[in-house]
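Numbering (my numbering), first residue to last: 362 to 533. Backbone N, C-alpha and C define an ideal beta-carbon position, used for all residues, glycine too. All of these numbers come straight from a predicted model, not from anything done at the bench. Take a look at the structure below.
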């Protein structure tokens, strides 16, 4: 999608005023809500990031991605959306740039109270592209309601060996 000339001017002005540290911070994603006592949010995640980052520090330098705010632990969707809005406001106030919020959406938005759909091999078994498109639209609608920008979803890989650890993410 091409930017309008006014949007391009706004982006150029923002980039011109951002120090290198803030530009580099746009490459960083933080997994919000890591359990401070165990560091666990997902298998082996605590090996990569042992505790939750300090939010005031993250907000002061900027952040590119907010990872799994809703899917890390059970959180009421209304409370999660309010927390995400506060985080985005902090980021925009301090750096001028919000962050991309992303969630796992393989079988629906992986969050408490969300609709869960069948796995991609079941989609493939339907041989019904319109149904699969409708499921995708329903997932997108849920993401939009939660103010999630990016969904981590099915792969289009071809499975040659059923022992591969991500077979359940493929359509067939």
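Pair within 9 Å by beta-carbon distance, residue i and residue j
| i | j | result |
| --- | --- | --- |
| residue 423 | residue 463 | no |
| residue 470 | residue 504 | yes |
| residue 533 | residue 482 | yes |
Spatial distance of residue i from residue j (CA atoms)
| i | j | result |
| --- | --- | --- |
| residue 439 | residue 433 | 15 Å |
| residue 529 | residue 495 | 20 Å |
| residue 421 | residue 381 | 14 Å |
| residue 477 | residue 498 | 13 Å |
| residue 500 | residue 514 | 10 Å |
| residue 487 | residue 369 | 44 Å |
| residue 388 | residue 425 | 5 Å |
| residue 489 | residue 524 | 27 Å |
| residue 502 | residue 379 | 33 Å |
| residue 484 | residue 377 | 47 Å |
| residue 447 | residue 386 | 19 Å |
| residue 367 | residue 491 | 38 Å |
Chain-order list of residues whose beta-carbon lies under 7 Å from that of residue i (same chain, five-residue window excluded)
| i | result |
| --- | --- |
| residue 520 | 528, 531 |
| residue 430 | 393, 394, 441, 444, 445, 462 |
CA nearest to the CA of residue i, picked from the options
| i | options | result |
| --- | --- | --- |
| residue 466 | 510, 487, 437 | 510 |
| residue 468 | 393, 416, 516, 385 | 516 |
| residue 442 | 454, 427, 456, 455 | 427 |
| residue 507 | 479, 490, 518, 461 | 461 |
| residue 416 | 431, 385, 437, 452 | 452 |
| residue 390 | 378, 377, 419, 447 | 419 |
| residue 437 | 366, 479, 475 | 475 |
Residues near residue i in its chain [Cβ-Cβ closer than 8 Å; skip 5 each side]
| i | result |
| --- | --- |
| residue 372 | 364 |
| residue 435 | 473 |
| residue 375 | 457, 458 |
Close Cβ partners of residue i (< 6 Å) along its chain, the five nearest in sequence each way excluded
| i | result |
| --- | --- |
| residue 456 | 383, 423 |
| residue 518 | 531 |
| residue 493 | 484 |
| residue 449 | 459 |
| residue 480 | 468, 529 |
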